[in-house]
Amino acid sequence: MIRREEVVSKEVIDSSARRVGVVSDVVIDEEGKANLLVKVKILRGSSEKELEYTLPPSSILAVGDVVLVKGVVEVRRK
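Okay, so the sequence shown: first residue is 1430 according to the working numbering, each after it adds one.
In structure tokens, the structure reads:
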């Protein structure tokens, strides 16, 4: 089980060392599984847009200083 205090505010990095976003919260899905709510900032010129996505527990490889996820992560828009 993912504990909220272990992951909130940690960077999410994929297996290609690309920054995916930052964990903003842990949410429970309909099946009772803890999913990570990840904020992603998109910069386009001088404007910035922030989106949130959920990452299922099956995509998490490790939690340490960062949250490491599988290289190709299928994210679902919240």
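Glycine residues also receive a C-beta, built at the ideal position from the N, C-alpha and C atoms.
Ordered along the chain, which non-local residues of its own chain (more than five positions away) have a Cβ less than 6 Å from that of residue i?
| i | result |
| --- | --- |
| K1439 | V1452, V1495, V1496 |
| K1478 | I1471 |
Taking Cβ to Cβ, would you say residue i is nearer than 8 Å to residue j?
| i | j | result |
| --- | --- | --- |
| V1455 | I1489 | no |
| K1462 | P1485 | yes |
| V1492 | L1480 | no |
How would you call residue i, buried or exposed, if buried means at least 16 neighbouring beta carbons within 10 angstroms?
| i | result |
| --- | --- |
| G1474 | exposed |
Since I believe residue j is in contact with residue i (beta carbons under 8 Å), could you give me their beta-carbon distance rounded to a whole number of angstroms?
| i | j | result |
| --- | --- | --- |
| V1508 | V1449 | Because the chain is modelled from 1430 through 1507, residue 1508 falls outside the range shown and cannot be assessed. |
On the DSSP bridge list, what partners appear for residue i?
| i | result |
| --- | --- |
| I1431 | None, per the DSSP bridge assignment. |
| V1467 | V1452, Y1482 |
| S1492 | Contrary to the premise, residue 1492 reads as Val rather than Ser in this sequence. Answer is V1496. |
Apart from the five residues on each side of it in sequence, which residues of its chain come closer than 8 Å, Cβ to Cβ, to residue i?
| i | result |
| --- | --- |
| I1442 | R1448, V1449, V1495, V1496, L1497, V1498 |
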